[in-house]
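Working notes, beginning with the structure itself.
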Amino acid sequence: MKTLEQTTDEVLGLASQHFGVPREQLAPGDDFYKKLKIDSLQALEMLTRLENHFGIELPDYEVQGVTDFRTLASRIQARL
Amino acid sequence: MTTHRGKALSWEIKDEVLELALHHAPCNEIGTRMLGELEGFAAALETAASAGVGAVIVYSRQAPGFSAGADLRELYAGALPLAPVARAAGVRDFLERIHRVLNILDASPMTTIAAVHGVTFGGGFELALACDLIIADKTTRFCFPELRLGLVPGFGGIPRLKRDLGNGLVRDLLLTGRSINASKALASGLVSQAVGEGQSLRVARATAAQVGKFDRAASAAAKRFLKPIPCEELRREIELFCELFARPAVMEGLRKFVESTAAHPYLP
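Line by line, the protein sequences give chains V and S.
Quick note on numbering: the first sequence equals residues 906 to 985 in the numbering used here.
Quick note on numbering: the second sequence equals residues -9 to 258 in the numbering used here.
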């Protein structure tokens, strides 16, 4: 079973890969909308990639109000 | 007419397949322009069936997705200056027109395929549901966000989804307003194939070629047998939508949506 730290690291890696932002520029506490410069449409794309990668369903209302990678990872962790 | 180039959509018949391409920026929102052109397409559907066309593909050329649904900005702007009675009449007229189009698509003797990607929300989802098969690429997300505005889907989505999959998935999607991805949609039977990113049109064409091999009369008869049009429920859905739309909270919800500068309009 992954730890939250491992899950967070994977989330950061996926975000870096998908949005072309160097991994070293992303930190768990970062606001992903601001750091990745994404809108809600791209956030939905990220949600889909995360669901497919982790093999989970993550209802979008679970990420309502979530803006940082660590909290996003904790929502994913809860479904592993 | 075998080819038509419109402002919101275009169609052409090639290799005995009628392909409808939606291309109305930003994401094929369904307002009066799109509806008018869809009505033209509905007439072409009937002509194509008589001419022996075997399959129809509906797809989007817009990068964000298949369709984000009803044009809420136009709906709000159109309704705002009207008195409640005129407002209600306008909404009813729009719904009756879109229902006519989608009923023609739903009942077409040709096999119809929606090749979807990205945002497939609300009325866009309902357009896909009027087709026999949905092929979704892995970027697709399906959603009924209408409750966020104090409404229900008004383009026939509830009766069609209930017809095709049963009540449980409809309740989940409608009552939570959440979006689901192509994998979930495949697992629940909503889509017939979930394919790689950017592949839905290619796969739809291969599927159309396959279905086109079969006797047209037999295919059409099988469709009529398998897929009754839920006429009474579709009529009741229009009534329910109009009843809900008359409430002041809906115009307030639309105002907030239109005036919002939030970066997150696609999220609940």
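Just so you know, even glycine gets a beta-carbon here, dropped at the ideal spot from N, CA and C.
Every value quoted in this text rests on a predicted model; they were computed, and no experiment measured them.
| query | result |
| --- | --- |
| Measure the Cβ-Cβ separation of Val109(S) and Ala32(S) and say whether it is below 7 Å. | no |
| Can you list, in chain order, the stretches of the alpha helix (DSSP H) that have 4 or more residues and sit fully within the region 81 to 146 of chain S? | 112 to 119 |
| Between which two residues does the alpha helix (DSSP H) holding Leu282(S) run? | Since the first and last residues shown for chain S are -9 and 258, residue 282(S) lies out of range. |
| By how many angstroms is the C-alpha of Gly186(S) removed from the C-alpha of Gly55(S)? | 14 Å |
| For the beta strand (DSSP E) holding Asn171(S), just list the boundary residues, first then last. | 169 to 171 |
| Based on Cα-Cα distance, which residue from Val48(S), Arg161(S), Glu116(S), Ala236(S) lies nearest to Ala194(S)? | Val48(S) |
| Here's a check: name, in chain order, each residue in its chain whose Cβ is nearer than 7 Å to the Cβ of Ile3(S), leaving out the five neighbours to either side. | Thr(-8), Ala38, Val43 |
| Taking 7 Å as the threshold (C-beta atoms), are Val201(S) and Thr101(S) in contact? | yes |
| If you measure from the beta carbon of Ala253(S) to each beta carbon in chain V, is any gap under 7 Å? | Note on Ala253(S): pLDDT 47, under 50, position unreliable in the model; no value is reported. |
| Span of the alpha helix (DSSP H) holding Leu(-1)(S)? | That residue, Leu(-1)(S), is in no alpha helix (DSSP H); its beta strand (DSSP E) goes -1 to 4. |
| Suppose you measure from the CA of Glu967(V) to the CA of Arg984(V); what does that come to, to the nearest Å? | 11 Å |
| Taking 7 Å as the CB-CB limit, is Asn171(S) close to chain V? | yes |
| Can you tell me whether Asn18(S) is buried or exposed, with buried defined as 16 or more other CB within 10 angstroms of its CB? | buried |
| The alpha helix (DSSP H) that contains Ala34(S), what's its start and end? | 22 to 40 |
| Can you tell me which of Arg(-5)(S), Gly112(S), Leu155(S), Val46(S) puts its alpha carbon nearest to the alpha carbon of Glu27(S)? | Arg(-5)(S) |
| Give the straight-line distance between the Cα atoms of Leu65(S) and Gly21(S), rounded to the nearest whole angstrom. | 8 Å |
| Using the beta-carbon count (16 or more within 10 Å), is Thr908(V) buried or exposed? | exposed |
| Using the three-state DSSP reduction, which class does Arg192(S) fall into: helix, strand or coil? | helix |
| For a contact defined as C-beta to C-beta under 9 Å, what are the partners of Leu985(V) on chain S? | What Leu985(V) touches in chain S: nothing, since even the nearest Cβ is about 16 Å away. |
| Less than 7 Å between the beta carbons of Phe204(S) and Val81(S), yes or no? | no |
| Among the candidates Pro143(S), Val75(S), Met241(S), Val240(S), whose CA atom is the shortest distance from the CA of Leu119(S)? | Pro143(S) |
| Pop quiz: Phe134(S) and Gly147(S) are said to be a contact at Cβ under 8 Å. What is the actual Cβ separation, rounded to whole angstroms? | 6 Å |
| Determine the DSSP secondary structure at Ala73(S), reduced to helix, strand or coil. | coil |
| Looking at the structure shown, is Ile961(V) part of a helix, part of a strand, or coil, going by DSSP? | coil |
| Suppose you measure from the CA of Ala253(S) to the CA of Leu8(S); what does that come to, to the nearest Å? | Low local confidence applies: a pLDDT of 47 at Ala253(S) is under 50, so the model's placement there is unreliable, and no value is given. |
| Might you give, ordered along the chain, the residues of its own chain that have their beta carbon closer than 6 Å to the beta carbon of Leu176(S), omitting 5 neighbours on each side? | Ala184 |
| Determine the chain V residues that contact Pro54(S) at a beta-carbon separation under 8 Å, and present them in chain order. | Leu946 |
| I'd like the list of long-range same chain contacts for Arg150(S), defined as Cβ closer than 6 Å, with 5 residues on each side in sequence excluded. | Leu119 |
| What did DSSP end up calling Ala253(S) once you bin it into helix, strand or coil? | Confidence at Ala253(S) is low in this model, with a pLDDT of 47, below 50, so the placement of that residue should be treated as unreliable; the coordinate-derived value is given next. Three-state result, Ala253(S): coil. |
| Any beta-carbon of chain S closer than 7 Å to the one on Pro964(V)? | yes |
| Give a yes or no on whether 7 Å exceeds the smallest Cβ distance from Leu909(V) to chain S. | no |
| I'd like to know whether the C-beta of Glu956(V) is nearer than 7 Å to at least one C-beta of chain S. | yes |
| Does the CB of Leu941(V) have a neighbour CB from chain S at under 7 Å? | no |
| May I ask you to report which of helix, strand or coil DSSP gives Ala11(S)? | strand |
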